[in-house]
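Line by line, the protein sequences give chains A and B. The numbering of the first sequence is this note's numbering, which starts it at 6 and goes up by one. The numbering of the second sequence is this note's numbering, which starts it at 8 and goes up by one. We put the CB at the ideal spot given by N, CA and C, even for glycine. So the structure is just underneath, and the comments pick up after that.
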Amino acid sequence: MTETFYEVLRRQGITRRSFLKFCSLTATSLGLGSAAAPRIAHALENKPRTPVIWLHGLECTCCSESFIRSAHPLTKDVVLSMLSLDYDDTLMAAAGHQAEAIIEEVKKKYKGNYIVAVEGNPPLNEDGMFCIHGGRPFVEVLKETCADAKAIISWGACASYGCVQAAKPNPTRATPVHKVISGKPIINVPGCPPIAEVMTGVVTYMLTFDRIPELDRQGRPKMFYGQRIHDKCYRRGHFDAGQFAEAWDDEGSRKGYCLYKMGCKGPTTYNACSSMRWNGGVSWPVQSGHGCIGCSEDGFWDKGSFYDRVTDIKAFGVEANADTIGKAAAGTVGAAIAAHAAVTALARARQKAGESTSEKQGEN
Amino acid sequence: MLSQQDMLEAERHGRQVRSIYVYEAPVRLWHWINALAMVVLAVTGYFIGKPLPTVPGEAAENFLMGYIRFAHFAAAYIFAVGLLGRIYWAAVGNHHAKQIFKLPIFNRHWWAEVFFELRWYLFLEKTPKKYVGHNPMAQLMMFFFFTVLSVGMVFTGFALYSEGAGLGHWSDLLFGWVIPALGGSMQVHNLHRLGMWIMMTFAVVHIYAAIREDIMSRQSLISTMISGWRMFKD
């Protein structure tokens, strides 16, 4: 008989009181209300533990760094206990062949009933040789491990969209997980990195309710990615009022005005930063006085400057923003019209002169 | 086909009454409402992307961006509903009302007329032809730079609107897919702005061509969009 989460936690020395606190906290962060806390507790006490394998592809480990800094140590302890029990090559004690054997074991023992969390993505060029995992291309390990999984979580912008290693010209052909794996439910949790509480929230939801959270069109959990940074930004009032910081050191900047004109990507970025904030709610980019860079959006490295709102559109190998293209087009057409009108007037004048002379000739 | 018919119509009427009823009331009304909506959309849209200088005072006392965005969304609704109404009128109105929605691209004669108009605008033809509706060149331009572009602006515009309106709003259900399809919210914002520039550039061409033809081809254009009647001066 497999252990339940609760048994694992108790064995690790977590008190029942702490356990119940965690349940309430999780219920709140998932937006489920207090009635859900006993349900979470009940699920964790009775359901057999779902194993999680955490794979690392082409990445910088910022997702793991974020994850282990989850605001409430409690959350970290609980979820990390759940996870580290199985496989995470960065965090677990085992190494080498011993570690790799765990994946095989989990695959056999929990066939179709484990979760694969992927941090980073597989590069596909040169047969995947740009990322080697235990002596083999990562893409092979990923495909094998995901083959018998129940669901897959794509951690961060790397696994969800490709992030910096997939930025143009993407020399290694780094490819997001959902373009390599098919036929499995995949949850995208973008961000560079994602917020720790969002990560623990998603894992806890899946482990306790035994189903994947409701996803939007881009495969992101609606509960955390349903709104833009802009929609919940505490500086939104200044945006609506028309009060903007126009330089990093101006009066508006000091007064905490909206950073829209400084290129803040809050209005085009779906994430929970403005409501959950970072580092235990201490702060978040906009609160620190810098605009959002849109790290949880698809291809954010290739969407022009971090410091422009009207930014470059890249097409046909040309980079220009809508305003430069528009002004050039309007200017050219305007000049062409002026020239056309002038030629028209000249031609007409000449024609009239011709007509009047011919009329005179006719009279004569 | 169309223009030949128009020519015959024009000649017949020209000799007798020297004017033809072209644009029915709903088309004329739509034209001017639409023109006004476009001006409001372009100006407010410009300032949404590149806002005006900061207003002084407390945030609670000001709502400048809010009003600009409100005007943009209100004008957008008028523009979109107007376009739907105009499509309806293309179905039930006279044959001139259908012109900007379909091109007779398989009609060789029509293409010949397009090139005739091109030569006329390039000063290669001495005398202009008269058309009851749009001339074929204008029809071609209107189709791409107004009809097709407008549909694109409505789709991208409501997709952006859905971001503020929230998941599950009708604009999200109908147009939310546009955002991932075009490569993200930032990309859609920029394309929408580029669309504005193209439309405004075309508006300049449209107004210039209308005034020029009014003078040069000895038929009424501007007053036709007010009265509905096209007058022929000779």
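For chain B, check one thing: does any of its Cβ atoms lie closer than 9 Å to the Cβ of Q248 of chain A? Start at 1 with the first residue of the first sequence, and residue 248 of chain A comes out as number 243. Cβ-Cβ to chain B under 9 Å: yes for Q248 of chain A.
Under a three-way DSSP split, which group does C300 of chain A fall into? By one-based count along the first sequence, residue 300 of chain A stands at place 295. Three-state result, C300 of chain A: coil.
Out of B:I233, B:A217 and B:S227, state which residue places its alpha-carbon closest to the alpha-carbon of R25 of chain B. In the second sequence, the residue the question calls residue 25 of chain B occupies position 18. Among B:I233, B:A217 and B:S227, the Cα nearest to that of R25 of chain B is on B:S227.
Where are the alpha helix (DSSP H) runs, 4 residues long or more, that stay fully inside the segment 199-233 of chain A, in chain order? 201-214 and 227-230
For a cutoff of 9 Å on Cβ pairs, would you count F345 of chain A as touching chain B? In the first sequence, counting from the first residue as 1, residue 345 of chain A sits at position 340. For clarity, residue 345 of chain A is His in the given sequence; the question names Phe instead. Closer than 9 Å to some Cβ of chain B, the Cβ of H345 of chain A qualifies, so yes.
Can you look up V29 of chain B in the DSSP assignment and give me helix, strand or coil? Your numbering for residue 29 of chain B matches position 22 in the second sequence. Reduced to three states, the DSSP call for V29 of chain B is coil.
Select from B:L167, B:F209 and B:M193 the residue whose C-alpha is nearest the C-alpha of L156 of chain B. Translated into the one-based positions of the second sequence, residue 156 of chain B becomes position 149. Cα-wise, what sits closest to L156 of chain B is B:F209.
Our contact map puts A164 of chain A next to P142 of chain A with C-beta atoms below 8 Å; I'd like the distance itself, whole angstroms only. The residue you call residue 164 of chain A lines up with position 159 of the first sequence. The residue you call residue 142 of chain A lines up with position 137 of the first sequence. With 8 Å as the limit, A164 of chain A and P142 of chain A do not qualify as a contact, their Cβ atoms being about 16 Å apart.
In whole angstroms, what is the alpha-carbon distance linking I229 of chain B and D221 of chain B? Position 222 of the second sequence, counted from the start, is the residue given in the question as residue 229 of chain B. Position 214 of the second sequence, counted from the start, is the residue given in the question as residue 221 of chain B. Cα-Cα distance, rounded: 7 Å.
Any beta carbon from chain D within less than 9 Å of V315 of chain A's own beta carbon? Absence of chain D from the displayed structure is noted, the protein chains being A and B.
Would you grab the beta carbon distance between I191 of chain A and G224 of chain A for me? Rounded to a whole angstrom, and I think it's under 8 Å. Here residue 191 of chain A corresponds to residue number 186 of the first sequence, with the count starting at 1. Here residue 224 of chain A corresponds to residue number 219 of the first sequence, with the count starting at 1. Rounded, the Cβ-Cβ distance is 6 Å, consistent with contact.
Among A:G62, A:P53 and A:S34, the one whose alpha carbon lies nearest that of S75 of chain A: Mapped onto the first sequence, residue 75 of chain A falls at position 70. Comparing Cα positions, the closest option is A:S34.
Between which residues of its own chain and R355 of chain A is the CB-CB distance below 8 Å, once the five residues before and five after are set aside? By one-based count along the first sequence, residue 355 of chain A stands at place 350. Excluding sequence neighbours, R355 of chain A sits near nothing in its chain.
E110 of chain A: buried (16+ other C-beta within 10 angstroms of its C-beta) or exposed? In the first sequence, the residue the question calls residue 110 of chain A occupies position 105. Its Cβ having fewer than 16 others within 10 Å, E110 of chain A is exposed.
Establish whether the CB of Q194 of chain B and some CB of chain A are separated by less than 9 Å. Locating residue 194 of chain B in the second sequence gives position 187, where the first residue counts as 1. Answer yes: the Cβ-Cβ gap between Q194 of chain B and chain A drops below 9 Å somewhere.
Residue range of the beta strand (DSSP E) that includes A156 of chain A: As a position in the first sequence, residue 156 of chain A is number 151, starting the count at 1. Unbroken beta strand (DSSP E) run through A156 of chain A: A156 to W160.
Residues bridged to A325 of chain A [DSSP beta-bridge criterion]: Within the first sequence, numbered from 1, the residue matching residue 325 of chain A stands at position 320. DSSP output for A325 of chain A lists A:I318 as bridge partner(s).
What first and last residue would you give for the alpha helix (DSSP H) that runs through A119 of chain B? In the second sequence, counting from the first residue as 1, residue 119 of chain B sits at position 112. R115 to Y128 is the extent of the alpha helix (DSSP H) around A119 of chain B.
Note down, in chain order, every chain B residue with its Cβ under 7 Å from the Cβ of K26 of chain A. Along the first sequence, one-based indexing puts residue 26 of chain A at 21. Here the premise fails: no neighbours, minimum Cβ distance about 31 Å.
Comparing alpha-carbon positions, which option in B:T61, B:P58 and B:L201 lies nearest M160 of chain B? Taking the first residue of the second sequence as position 1, residue 160 of chain B is located at position 153. Closest by alpha carbon: B:L201.
Could you check what DSSP says for W184 of chain B in three-state terms: helix, strand or coil? Locating residue 184 of chain B in the second sequence gives position 177, counting from the first residue. In this structure, DSSP gives W184 of chain B a state outside helix and strand, which the three-state scheme calls coil.
Reference L129 of chain A, options A:I120, A:V123, A:E145 and A:G140, closest by Cα: To locate residue 129 of chain A, count along the first sequence from 1; it is residue 124. Ranking the options by Cα distance to L129 of chain A, first place goes to A:E145.
Cβ-based burial, Q103 of chain A [other Cβ within 10 Å; buried from 16]: Stepping through the first sequence from its first residue, residue 103 of chain A is reached at position 98. Looking at its Cβ environment, which holds fewer than 16 other Cβ atoms inside 10 Å, Q103 of chain A is exposed.
Is the Cβ of T274 of chain A closer than 9 Å to any Cβ of chain B? Within the first sequence, residue 274 of chain A is the residue found at index 269, counting from 1. Chain B, which has a Cβ nearer than 9 Å to the Cβ of T274 of chain A, makes this yes.
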